[in-house]
Amino acid sequence: ITCRLVPNQTADEITSLVKEVIESRCPPQVRVEVKVTGGGDPYVVIPPGKPGADQDSPALLKKAFAAAENRIEEAFGTHPIYLREGGSIPIIGDLKRVAGLDSLLIGLFTNEDNLHAPNESFHLGIMNKAIDAFEKLFLDLADR
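For this note's numbering, count along the sequence shown from 1 and bump the result up by 7.
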């Protein structure tokens, strides 16, 4: 069983609730064991200036989003579209919790890519544009 968490939920809380429900509904003649193999808390970042964004966004986050927008538009010839997508990358939440660092999550997929399917693909032309954009983005954000 996998659970996609949303803000204000924790992996420990949801794991406990799922385990409790499974065990409470198990018939007495059946033995059930719930093994937890991983988990991560949800992470969300709203681009500064967008609805719902923290009015006191850190200067570095503002700089990072502005630089990413510019470099993506430069590489791909179009302004990025902001979508609220879900995913499970536990270390992203850990970086925020432990180091106080926000992350930019930049999806470079198309509908034809069939994410996580047996026939998943990624267009090499998109990859080459992304390499160019990220190289310049990292230089933009580096302290020089």
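Glycine is no exception: its CB is placed at the ideal position from the N, C-alpha and C atoms.
- LEU111 sits close to ALA71, with the two beta carbons spaced by under 7 angstroms.
- Inclusion of VAL52 and ASP109 in the CB contact set at 7 angstroms is warranted, their separation being smaller than that value.
- DSSP places SER23 within a helical segment (H, G or I) once states are collapsed to three.
- Straight across, the Cα-Cα distance linking LEU102 with LEU115 is about 22 angstroms.
- Annotated as distal: LEU90 and PRO49, with beta-carbon spacing of 7 angstroms or more.
- Distance from the CA of THR44 to the CA of CYS33, rounded to the nearest whole angstrom, comes to 21 angstroms.
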